[in-house]
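First up is the structure itself, then whatever we jot down about it.
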Amino acid sequence: MDLEALLNYPGALPAMSRTVADLMSEMNKDDPSPKRVAELVGQDPSLTTRVLRLSNSSFFRASRKIGSAQEAVAMLGMTHVRSLVMAAALGSSFKNVPGVNLPQFWRYSLRVADISKSLAGLLRQQESNAYTAGLIHAIGDLVMHIAMPDEIAPLDMGTPPLDLQRAQAERNRFDYTYAEVGAGMVERWNFPPAIVSALKHQTAPFDGDVYDPLAGILHLASWRARAEEIQLDDGGLAATFPDMVGLTLGLDLGSVLGKDPAEWEFTDALSAFLD
1 MDLEALLNYP GALPAMSRTV ADLMSEMNKD DPSPKRVAEL VGQDPSLTTR VLRLSNSSFF
61 RASRKIGSAQ EAVAMLGMTH VRSLVMAAAL GSSFKNVPGV NLPQFWRYSL RVADISKSLA
121 GLLRQQESNA YTAGLIHAIG DLVMHIAMPD EIAPLDMGTP PLDLQRAQAE RNRFDYTYAE
181 VGAGMVERWN FPPAIVSALK HQTAPFDGDV YDPLAGILHL ASWRARAEEI QLDDGGLAAT
241 FPDMVGLTLG LDLGSVLGKD PAEWEFTDAL SAFLD
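Here you go:
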């Protein structure tokens, strides 16, 4: 199946609810309105419940119980609300995907989100875009498994979805990868151009005329998270580190292997909303 046919395959691209679409549109503005965001959250009972659960979780250590969407949005802030909205939307959209271990996939995606945000901070890039891009960077693989399970199954046998060589294997087989599929999907969801571009170029962020630092961040973050999933030792990490991408961004192996413990705690709190 070619890329255009895949993106137009009925049922492969989940529809975003009107409330979530309106929320993403508001939060993608340069100066989003907390009042408007709270109003939109309040229109969706399930989302309201999730926002209140997160705002009352141990991660935020609220001095009193948060009881309304407006209070929750004020406490969480736009970055955390945006992440929660995306997690809720993705968790409800992709319930059963043939050939994919979803708990592992979401664990991996949340790791990439955290690492991306951490690296963006080091590089003085927009951290909220990096986190969102990291969370959704591999959803193209879910779409591919839904739309063409018989074609993707043999690839999974030889090169599993989280293998370090997965993108190259997909390109060799289909002439495109999960990166282009994901970019096409989020473009139809009206995501910011910076995130669309980062997803599209994440497998080759600085090739030819392309120079996309956010895509480079995704490249390094996904490498680290995949390396963790397959449990590479120190020698394996050094041998597989994408040194040219790191050099272009000014990041060495040690920088990419660093982490922010506080963000891991937020990931633990957020992971429940992908179930």
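Read in UniProt numbering, the sequence shown has 247 at position 247, and its numbers run on one by one without any break.
For each residue, glycine too, the CB sits at the ideal point set by N, CA and C.
DSSP places tyrosine 108 in the uninterrupted alpha helix (DSSP H) bounded by 102-123. In the structure shown, the three-state DSSP call for methionine 16 is coil. Proline 205 places its beta carbon 9 angstroms or farther from that of threonine 240. The straight-line gap separating the alpha-carbon atoms of aspartate 268 and serine 58 is approximately 11 angstroms. Between alanine 133 and alanine 198 the beta-carbon gap is near 5 angstroms, inside 8 angstroms, which marks them as a contact. Contact annotation: leucine 84 and phenylalanine 94 have beta-carbon atoms that are not nearer than 9 angstroms. Look at phenylalanine 174 here: in three-state DSSP terms it is helix.
Residues of the same chain with a CB within less than 7 angstroms of the CB of valine 97, apart from the 5 flanking positions on each side, are Leu142, His145 and Ile146 in chain order.
Looking at Arg224, Ser33 and Trp189, the one whose alpha-carbon comes closest to that of leucine 162 is Arg224. In this structure glycine 184 touches leucine 7 by the C-beta definition: roughly 5 angstroms separates them, less than 8 angstroms. Its chain contains Glu26 and Met78 as the residues whose beta carbon lies nearer than 8 angstroms to that of proline 32, once the 5 sequence neighbours on both sides are disregarded; these appear in chain order.
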